[in-house]
Amino acid sequence: MIRQYFIFSFIFLFAFTLQAQERYQSDWFDEISVETYTYSTKDGENLDLDIYLPQGDNENERATIIYVHGGGFSGGARDFDDVKEFCNRMANYGYVVASVSYRLTRKGKPTGFGCDCPVTDKLNTFNAAVEDVQDATFFLIENREQFGINPQKIVLAGSSAGAETVLNTAYQPPYCYGLDSGPVSFAGVIGMAGAIPDTTVIYDESAVPSLLFHGTDDNLVPYATAPHHYCDKDQPGYLILHGSYTIAEKLEKLHVPYWLHTTCGGGHEMASKPMKEYLDVIVDFCYTYVIKGDGEDRRTIVEGKQDTAKYSPYNFCEE
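Just so you know, we're using the working numbering here: the sequence shown kicks off at 357 and counts up by one.
Structure below.
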């Protein structure tokens with residue numbers, strides 16, 4: 357009798373533990389497979405993506421994260437070690453994760469992507485990368501049954517140039533992607549040190565839940581509204597960009613949930629730091645804002661070095 361009671365108690369406890377550890381909220385899978393596919397060919401270049409799939413998973417309507425790497429639109433790769441680590445970790449939580457290559461249109465260009473790069477070239481670079489991410493999304497949705505993807509639960513995430521790409525991609529009206537159910541929007545976006553050139557693209561039909569990591573002293577991509585790379589007005593690359601703070605202000609006016617994660621005095625290292633040091637924040641955002649759909653406006657401030665006058669019109673951390 358005692359033994360039977362022990363077995364029953366063990367089974368009950370095991371079942372309770374599984375229920376408490378919900379998918380997308382804790383590690384569920386130990387084994388992840390990685391497969392590479394060509395999603396498009398442009399200008400004679402194959403554009404590939406690596407898709408990370410939890411093994412032994414019976415779910416066929418899974419939330420998906422599309423990650424876009426950084427590198428100033430001239431470098432970086434979808435399979436760098438830190439990217440692979442991040443994608444594996446998120447797949448452990450039950451997500452399908454795709455790490456995407458895109459056209460590096462500034463690769464080998466003498467003017468790079470800084471103050472000597474003409475504004476027209478910068479905007480064309482943004483547009484090409486957005487087009488590629490849209491094509492990668494279409495490929496995944498077109499093959500949703502093979503990969504077990506829920507088209508209504510796709511999150512974009514990106515770092516630096518990748519963050520600029522995903523933010524510009526996410527804040528667009530719902531797109532059809534060939535679905536019988538009609539147009540869909542991305543379920544959320546995670547920008548790590550990103551910005552956009554025009555905030556008017558964010559309105560009722562285009563705004564989506566957003567997690568925005570940024571340092572107030574980023575000297576490349578402005579935290580609020582300032583010139584890209586802080587170029588002077590007389591330089592060819594003078595382009596006003598609107599960073600995480602300004603985007604959050606716009607989302608707040610639209611009553612669209614966001615999470616602004618600010619590092620006081622932080623620099624451009626916030627393009628990669630969250631994938632390791634703030635993975636719990638990313639997991640929380642994806643689960644609460646996307647899976648559960650009940651996120652709220654949040655502003656997290658991480659204390660760091662003092663702001664400098666050069667990169668902050670005022671001290672955002674004193675608000």
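Backbone N, C-alpha and C define an ideal beta-carbon position, used for all residues, glycine too.
{"Query": "Less than 8 angstroms separating the beta-carbons of A419 and M548?", "Result": "no"}
{"Query": "Shortest alpha-carbon distance to S600 belongs to which of S566, I638, G593 and K609?", "Result": "S566"}
{"Query": "Under DSSP, the beta strand (DSSP E) around S537 begins and ends at which residues?", "Result": "From DSSP, S537 is part of no beta strand (DSSP E); its letter is neither H nor E."}
{"Query": "On the three-state DSSP scale, how would you describe T664?", "Result": "Residue placement at T664 is flagged as unreliable, the pLDDT there being 49, under the threshold of 50; a coordinate-derived value is accordingly withheld."}
{"Query": "Between C532 and the rest of its own chain, which residues show a CB-CB distance below 6 angstroms, the 5 nearest in sequence each way excluded?", "Result": "P539"}
{"Query": "Can you name, in chain order, every residue of its own chain whose Cβ lies under 6 angstroms from the Cβ of A580, other than the five neighbours on each side?", "Result": "G599, Y601 and T602"}
{"Query": "Starting from the C-beta of Y594, find all residues in its chain whose C-beta is less than 6 angstroms away, skip the five residues before and the five after it, and write them out in chain order.", "Result": "P583 and C587"}
{"Query": "Tell whether a beta-carbon distance below 8 angstroms holds between A513 and Y395.", "Result": "no"}
{"Query": "Please say whether Y527 and A690 have beta carbons closer to each other than 8 angstroms?", "Result": "Since the first residue shown for the chain is 357 and the last is 675, residue 690 is missing from the structure and cannot be characterised."}
{"Query": "In angstroms with no decimal places, state the Cα-to-Cα distance between D536 and E561.", "Result": "20 angstroms"}
{"Query": "Counting Cβ pairs, one atom from each stretch, are 3 or more of them under 8 angstroms apart for the stretch 435-449 and the stretch 626-640?", "Result": "yes"}
{"Query": "Please state whether the Cβ-Cβ distance between R379 and S430 is less than 8 angstroms.", "Result": "no"}
{"Query": "Could you tell me the boundaries of the alpha helix (DSSP H) in which T476 lies?", "Result": "V475 to E498"}
{"Query": "Enumerated in chain order, which unbroken segments of the beta strand (DSSP E) with a length of 3 residues or greater are wholly contained in the stretch 552-608?", "Result": "566-571, 581-583 and 596-599"}
{"Query": "Is the distance from the Cβ of A519 to the Cβ of G427 below 8 angstroms?", "Result": "no"}
{"Query": "Nearest chain D C-beta to G426 closer than 8 angstroms, yes or no?", "Result": "Looking for chain D here will not work: only one protein chain is present."}
{"Query": "Just to confirm, is the Cβ distance from L496 to A433 under 8 angstroms?", "Result": "no"}
{"Query": "Within this structure, are the beta carbons of V456 and L409 separated by less than 8 angstroms?", "Result": "no"}
{"Query": "What span of residues does the beta strand (DSSP E) with G699 cover, start to end?", "Result": "Outside the modelled stretch of the chain, which goes from 357 to 675, sits residue 699, for which no answer is possible."}
{"Query": "Out of V639, T618, H624 and F469, which one is the CA nearest neighbour of R654?", "Result": "T618"}
{"Query": "Could you give the residue range of the beta strand (DSSP E) that holds I638?", "Result": "Unbroken run through I638 is the alpha helix (DSSP H), L635 to F641; no beta strand (DSSP E)."}
{"Query": "Under three-state DSSP, which class holds A513?", "Result": "strand"}
{"Query": "Going by the beta-carbon positions, is the gap between I546 and F641 smaller than 8 angstroms?", "Result": "yes"}
{"Query": "Between the alpha carbons of H570 and Y458, how many angstroms are there, rounded?", "Result": "23 angstroms"}
{"Query": "Just mark Y614 as buried or exposed, buried being the case when its beta carbon has 16 or more other beta carbons within 10 Å.", "Result": "buried"}
{"Query": "Hey, would you say V475 sits closer than 8 angstroms to P592, going by beta carbons?", "Result": "yes"}
{"Query": "Would you mind sorting E659 into buried or exposed? The rule is 16 or more other CB atoms within 10 Å of its CB.", "Result": "exposed"}
{"Query": "In the structure shown, what three-state DSSP assignment does Q411 receive?", "Result": "coil"}
{"Query": "Could you give the distance in angstroms between the alpha-carbon of L607 and the alpha-carbon of G550?", "Result": "15 angstroms"}
{"Query": "At which residues does the alpha helix (DSSP H) containing R418 begin and terminate?", "Result": "Where R418 is concerned, there is no enclosing alpha helix (DSSP H), although the beta strand (DSSP E) it sits in stretches over R418 to V424."}
{"Query": "Mapping the DSSP letters down to three states, classify A519 as helix, strand or coil.", "Result": "helix"}
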